[in-house]
Amino acid sequence: MLYSVKMRSSLGGTHGEGGRHISGAERIVPEDMLEENVLAMLRRARTHERGAANFINVKVEEVPDTSIEYCDLIPIYQMNTSTKEEGRAVAKKELLRIGVSQAAVDSAFHELESLTDSMRGAIVMDAVSGERLDDRHERGVRCSNMDCENTKEYEARMGARGLGGDHPREALVLASKVANAPGTVAELCWSDDPDYVTGYVGSKKYGYGRITVMKDMGDPVGGRVFFVKPGTDI
Ligand code: AMP
């Protein structure tokens, strides 16, 4: 039997009641790994670079095998950049190459670059008109219920390529689920972790385009945009 473990945490109050979002994480793990994962999440919330959370919500649920859908991880390619400006210019070019319109690229960067604090989820955007389709403001839309089928094998292979660790794995798992969702054209992301400057552009068409530098070191504002085909039932 597998279990879903989800954590979200904030500082100074609960989410939506004055609290500042600190971190969120989720795993799907076998029963014998449940306790260590719950502890790891508590530790993560309390030692996060965005601050030590004092409101932490951990949810554990059984996941029936029959409810699970499997998909391949999208292939990784990398674009090396050394500044935020260079990284964002590369991301814009990549989104256009995937088929996102210039209007939607401009709208996405305008939305993300006007944030004063991170959102908890993603902006859902029409890939042609650039119109924001969700009405969830700073909550956005969260992709959830996902994990890598075999984390040990994943770590062994990716660690050997210098791409091991929680952050890259979680991003690749999320990007793969999003890319495989009906209607998705592309995704744009940079992290809200102040020390993590790498971002990506994801798509089913080309894969996970890792962009080494997409923001300034120390910047705690990150975000995501899911670009979808016009008419997608969001
Ligand atoms: P992170 O990659 O965890 O640093 O998150 C960067 C940004 O992506 C956050 O500020 C949120 O806006 C968004 N985000 C984080 N987790 C999710 C998720 N599960 N689904 C959708 N958007 C997310």
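With the working numbering as the guide, the letters of the sequence shown map in order to residues -10 to 223.
No residue lacks a Cβ here, since even glycine has one placed at the ideal position from N, Cα and C.
Can you give, in chain order, each stretch of the beta strand (DSSP E) that sits fully within the region 119 to 163 and has at least 3 residues? none
Would you mind listing the beta strand (DSSP E) stretches within the region 48 to 132 that are 3+ residues and don't spill past its ends, in chain order? 65 to 68, 112 to 115
According to the Cβ coordinates, are Met108 and Gly129 closer than 8 Å? In the sequence shown, counting from the first residue as 1, residue 108 sits at position 119. In the sequence shown, counting from the first residue as 1, residue 129 sits at position 140. Remark: C-beta atoms of Met108 and Gly129 approach each other more closely than 8 Å.
Need the endpoints of the beta strand (DSSP E) that Ala29 sits in, please. In the sequence shown, residue 29 corresponds to position 40, counting from 1. Note, Ala29: premise wrong, no beta strand (DSSP E); alpha helix (DSSP H) at 23 to 35.
Out of Lys141, His126, Gln67, point me to the one whose CA is closest to Met203's CA. Numbered from its first residue, the sequence shown carries residue 203 at position 214. Comparing Cα-Cα distances from Met203 to each of Lys141, His126, Gln67, the minimum goes to Gln67.
Burial state of Met206 (16 or more Cβ within 10 Å): Taking the first residue of the sequence shown as 1, we reach residue 206 at position 217. Exposed: under 16 other Cβ atoms inside 10 Å.
Excluding five sequence neighbours on each side, which residues of the same chain lie with their C-beta closer than 6 Å to the C-beta of Ser180? Numbered from its first residue, the sequence shown carries residue 180 at position 191. Taken in chain order, the residues that qualify are Gly211.
How long is the line joining the alpha carbons of Ser165 and Glu20, rounded to whole angstroms? Locating residue 165 in the sequence shown gives position 176, counting from the first residue. Locating residue 20 in the sequence shown gives position 31, counting from the first residue. Distance between the alpha carbons of Ser165 and Glu20 is about 25 Å.
Verify the contact flag: Cys137, CB atom, against every heavy atom of the ligand AMP, threshold strictly below 7 Å. Along the sequence shown, one-based indexing puts residue 137 at 148. Outside the cutoff, so no.
Going by other Cβ atoms of all chains shown within 10 Å of its Cβ, with 16 needed for buried, is Gly1 buried or exposed? Start at 1 with the first residue of the sequence shown, and residue 1 comes out as number 12. Exposed, by the Cβ-count rule.
Helix, strand or coil, according to DSSP, for Ala41 in the structure here? To locate residue 41, count along the sequence shown from 1; it is residue 52. Ala41 falls in the coil class under three-state DSSP.
Out of Ala175, Asp208, Lys141, state which residue places its alpha-carbon closest to the alpha-carbon of Ile112. The residue labelled residue 112 in the question sits at position 123 within the sequence shown. Closest option to Ile112, Cα to Cα, is Ala175.
Tyr59, buried or exposed, once every other Cβ within 10 Å from all chains shown has been counted against 16: Stepping through the sequence shown from its first residue, residue 59 is reached at position 70. Result: exposed.
Residues bridged to Glu176 [DSSP beta-bridge criterion]: Within the sequence shown, the letter at position 187 stands for residue 176. Answer by DSSP bridge pairing, in chain order: Gly191, Phe215.
Rounded to the nearest angstrom, what separates Asp208 and Lys141 at their Cα positions? The residue labelled residue 208 in the question sits at position 219 within the sequence shown. The residue labelled residue 141 in the question sits at position 152 within the sequence shown. Each residue's Cα considered, the two are about 31 Å apart.
Nearest by alpha-carbon distance to Met30: which of Leu84, Lys(-5), Val79 is it? Taking the sequence shown and counting its residues from 1, the one referred to as residue 30 is at position 41. The residue with the shortest Cα to Cα distance from Met30 is Lys(-5).
Indicate whether the contact test is met: 3 or more Cβ pairs, each with one atom in the region 33 to 48 and one in the region -3 to 12, closer than 8 Å. yes
Given Leu62 as reference, the closest of Gly88, Thr201, Cys137 once Cα atoms are compared: As a position in the sequence shown, residue 62 is number 73, starting the count at 1. For Leu62, the closest of Gly88, Thr201, Cys137 by C-alpha to C-alpha distance is Cys137.
Given this structure, state the Cα-to-Cα distance separating Pro64 from Gly196, to the nearest angstrom. In the sequence shown, counting from the first residue as 1, residue 64 sits at position 75. In the sequence shown, counting from the first residue as 1, residue 196 sits at position 207. Cα to Cα, Pro64 sits roughly 5 Å from Gly196.
Reference Asp184, options Asn169, Pro171, Thr201, Gly172, closest by Cα: For this step, residue 184 is matched to residue 195 along the sequence shown. Nearest option by C-alpha distance: Thr201.
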